[in-house]
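Presented below is the structure to which this report refers.
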Amino acid sequence: MSHPHPELTEPGKLPKGGLRVTPLGGLGEVGRNMTVFEYDGRLLIVDCGVLFPEEQQPGVDLILPDFGPIRDRLDDIEALVLTHGHEDHIGATPYLLRERQNIPLVGSELTLALLGSKLREHRLRETVQHKVREGETITFGPFELEFVAVNHSIPDALAVAIRTGAGLVLHTGDFKMDQLPLDGRITDLRAFARLGEEGVDLFLTDSTNAEVPGFTTAEKKIAPAIEQVFRESDQRIIVACFASHVHRVQQVLDSAVAHGRKVAYVGRSMVRNMQIASDLGYLHVPENVIVDAKELADLPPEKVVMVSTGSQGEPMSALSRIANGTHNFVHIEPGDTVLLASSLIPGNENSIYRVINGLARLGANVVHKGNALVHVSGHASAGELLYCYNIVRPRNVMPVHGEVRHLLANGDLARQTGVESVVYAEDGVVVDLIDGKAEIAGKVECGYVFVDGTTVGDVTESELKDRRILSEEGFVSIVVVVDSVKGVVASGPEIHARGHVWPDNAFDPVKQPIIKAVNRAIAEGATDTYQLQQAIRRTFGRWVSSTHRRRPMIVPVVIEA
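For the sequence shown, the UniProt record's numbering begins at 1 and goes up steadily by one.
Now the structure itself:
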């Protein structure tokens, strides 16, 4: 068993005939999945996704994988393989293509179509794309790729088998083993078994549900809950789910037709993705059931269904604006039903419950995972992972896609089936496969890259800390005028605060200590305003911490007169 260690250094040169695996995202977290494979001096990338920010990352729009370890080797990249069309697997692709636009993109029809709309938004039109299907084999440089059908919460997902001179790697991507999928496309365990017979040297497996015992519930099992909502609702129904969950929307469409309701999509990404899925035949839309959302006002409420984005409480999503009463044309009426047909992603709890409370306050009946079976996972649970290990019988296992607890749980499952070599890695930890043995070889620097508006990578952890302090503790400016001839404080300090309620005379006790601190610093030889500013910051910081238990951002200003 191998573990990442803080004393790890940069890996040495990859021995000839060896395969190097470097995860740049997705290991130790749920999101921004990206793994780089190196063989014979050439690189292959699997997935390039984003991570969505948490509350302690104010102002951040997206978090990208760190391209730093490969930035000086962009010309060595043979291809970028995309396992499926979820944002945490494709969302960072436009940012990588900004650095080298002609990287070949490899994926299924739906995956590349969903990516295409993102590329157009980034004005990336001249890209190289290779559309593949399960069972197909394609070669890029020293990498022979075979694609295997897997079932997930989005159609057209693929696992990829990577053959090199160092051995055979099987990467599952995100998958589960739904035996009764809505589209009839099951995870191809026969292909897994065949690859196992060939000899899988390294098995990279989805860890997201490794802690969940048994088997993931089939998608069809939520049909009764959806049907009950339609049967019992006598006013409008609003269904919120992920904009990529084609199968969930299909069930809503089918129920709407059965109950004589019209359906409208609300939210730009929902409209775009469902149009793509419909055009490609992944979503089967009955005639005369879809209407424009702006036409809903002309229909009786008992004939209306809206399918909306915002199931995770995203502040600017359609559902959040509906809950806040700020949506342009959708307003909750008492008796409406809102169905949150999605999981509750860790970290989003407060946002989701804020939306639920807002909807309930407006009189809506809110149906969610906490009170009904309205969502099933898209990831394999422990029982399914055990089946895969027993079928594939890999020589080495490297759990991927999950937080540390998920990776450890997944590795434990592999060991229970007799796998002796389990490599636990996190983002930046380099694993080499040499002579059939996978071992940690070192680590590369691999941090978060923040997207803030139009800037990429300019926001640092230090700046985020400043933002958190501003949001939680407020802001205090302190202006002092110094007589540069006499070397003493001439006037001030003037103290102004924002973001926290202070009494009018709250700062009177600290003014004399600030004056004394500045005069003392000048007497001790302070020659520039920065040193005087530091004296002010230390004095005020100690006082406000001990007196008021606050840690505001302190901005001292020294003016020489």
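Heads up, the beta-carbon is just placed ideally off N, CA and C, and yes, glycines get one too.
{"Asked": "Do you know offhand how far Ala166's Cα is from Asp254's?", "Found": "49 Å"}
{"Asked": "With DSSP collapsed to three states, give me the class of Gln129.", "Found": "strand"}
{"Asked": "According to DSSP, simplified to helix, strand and coil, what is Met274?", "Found": "helix"}
{"Asked": "Whole angstroms is fine: what's the gap from Val285's alpha carbon to Asp40's?", "Found": "48 Å"}
{"Asked": "Return the Cβ separation of Phe67 and Glu99 in integer angstroms, given the expectation that the two are a contact with Cβ distance under 8 Å.", "Found": "7 Å"}
{"Asked": "Counting only beta-carbon separations shorter than 8 Å, does Leu8 have a partner in chain B?", "Found": "No chain B is present in this structure, which holds just one protein chain."}
{"Asked": "Using the Cα positions of Val355 and Leu373, report the straight-line distance between them to the nearest angstrom.", "Found": "19 Å"}
{"Asked": "Phe230 by DSSP, collapsed to three states: which one?", "Found": "helix"}
{"Asked": "In chain order, what residues of the same chain lie with their CB nearer than 6 Å to the CB of Cys241, ignoring the 5 residues before and after it?", "Found": "Arg248, Ser311, Ala341 and Ser342"}
{"Asked": "How long is the line joining the alpha carbons of Gly457 and Ile77, rounded to whole angstroms?", "Found": "In this prediction, Gly457 has a pLDDT of 48, which is less than 50 and means its spatial position is unreliable; what the coordinates show is noted afterwards. Their backbone Cα atoms lie some 22 Å apart in a straight line."}
{"Asked": "Quick check on the DSSP output: what are the complete beta strand (DSSP E) runs of length 3 or more inside the stretch 290–356, in order along the chain?", "Found": "304–308 and 337–340"}
{"Asked": "With a Cβ-Cβ cutoff of 8 Å, do Leu51 and Ile63 count as a contact?", "Found": "yes"}
{"Asked": "Are the CB atoms of Gln129 and Val145 within a distance shorter than 8 Å?", "Found": "Strictly speaking, residue 145 in this sequence is Leu, with Val absent from that position. It is not a contact, given that the beta carbons lie outside the stated cut-off."}
{"Asked": "Check this for me: beta carbons of Pro513 and Thr547, under 8 Å apart or not?", "Found": "no"}
{"Asked": "Nearest-angstrom Cα distance between Pro23 and Val430?", "Found": "7 Å"}
{"Asked": "Taking 8 Å as the cut-off, decide whether the C-beta atoms of Ser269 and Thr309 are in contact.", "Found": "yes"}
{"Asked": "Quick one: grab the DSSP three-state call for Gly457.", "Found": "Interpretation of Gly457 is limited by its pLDDT of 48, a score under 50 that renders its predicted location unreliable; no figure is taken from the coordinates."}
{"Asked": "How is the beta strand (DSSP E) around Phe192 delimited, first residue to last?", "Found": "Where Phe192 is concerned, there is no enclosing beta strand (DSSP E), although the alpha helix (DSSP H) it sits in stretches over Leu189 to Glu198."}
{"Asked": "So Val46 packs on Ile70, CB below 8 Å; how close in whole Å?", "Found": "That belief does not hold up - the Cβ atoms of Val46 and Ile70 are roughly 13 Å apart, past 8 Å."}
{"Asked": "Rounded to the nearest angstrom, how far is the Cβ of Val518 from that of Val489, given a contact under 8 Å?", "Found": "5 Å"}
{"Asked": "What three-state label does DSSP hand Gly492 in the structure shown?", "Found": "strand"}
{"Asked": "On the DSSP bridge assignment, give the partners of Ile90 in chain order.", "Found": "According to DSSP, which records beta bridges pairwise, Ile90 is partnered with nothing at all."}
{"Asked": "Taking 7 Å as the cut-off, is the C-beta of Glu29 nearer than that to any heavy atom in the ligand MG?", "Found": "Only the bare structure without any ligand can be found here, which leaves the ligand MG out of the picture."}
{"Asked": "If you drop the 5 nearest sequence neighbours on each side, which residues of the same chain put their C-beta closer than 6 Å to that of Ile237?", "Found": "Val305 and Thr337"}
{"Asked": "Would you mind reading off the limits of the alpha helix (DSSP H) that contains Val518?", "Found": "Asp508 to Ala523"}
{"Asked": "With a 10 Å radius around its C-beta and 16 neighbouring C-beta atoms as the bar for buried, classify Gly18 as buried or exposed.", "Found": "buried"}
{"Asked": "At the level of alpha carbons, what is the spacing between Ala561 and Val451?", "Found": "42 Å"}
{"Asked": "Could you give the C-beta distance for Asn151 and Arg185, rounded to a whole number, given that I count them as a contact under 8 Å?", "Found": "6 Å"}
{"Asked": "Given a cut-off of 8 Å on the beta-carbon distance, is the pair Pro301 and Gln250 in contact?", "Found": "no"}
{"Asked": "Taking the CB atoms as reference points, tell me whether Ala256 and Val263 lie closer together than 8 Å.", "Found": "yes"}
{"Asked": "List the endpoints of the continuous beta strand (DSSP E) containing Thr22.", "Found": "Leu19 to Gly25"}
{"Asked": "I'd like to know whether the C-beta atoms of Gly402 and Leu362 end up nearer to each other than 8 Å.", "Found": "no"}
{"Asked": "In chain order, what residues of the same chain lie with their CB nearer than 6 Å to the CB of Arg163, ignoring the 5 residues before and after it?", "Found": "Glu144"}
{"Asked": "If I'm right that Ala149 touches His84 with Cβ under 8 Å, what's the distance once you round it to whole angstroms?", "Found": "At roughly 11 Å, the Cβ-Cβ gap does not stay under 8 Å, so Ala149 and His84 are not in contact."}
{"Asked": "What residue range is occupied by the uninterrupted alpha helix (DSSP H) comprising Glu445?", "Found": "No alpha helix (DSSP H) holds Glu445; DSSP gives it neither H nor E."}
{"Asked": "In the DSSP assignment, the alpha helix (DSSP H) including Asp412 goes from what residue to what residue?", "Found": "Val404 to Gln416"}
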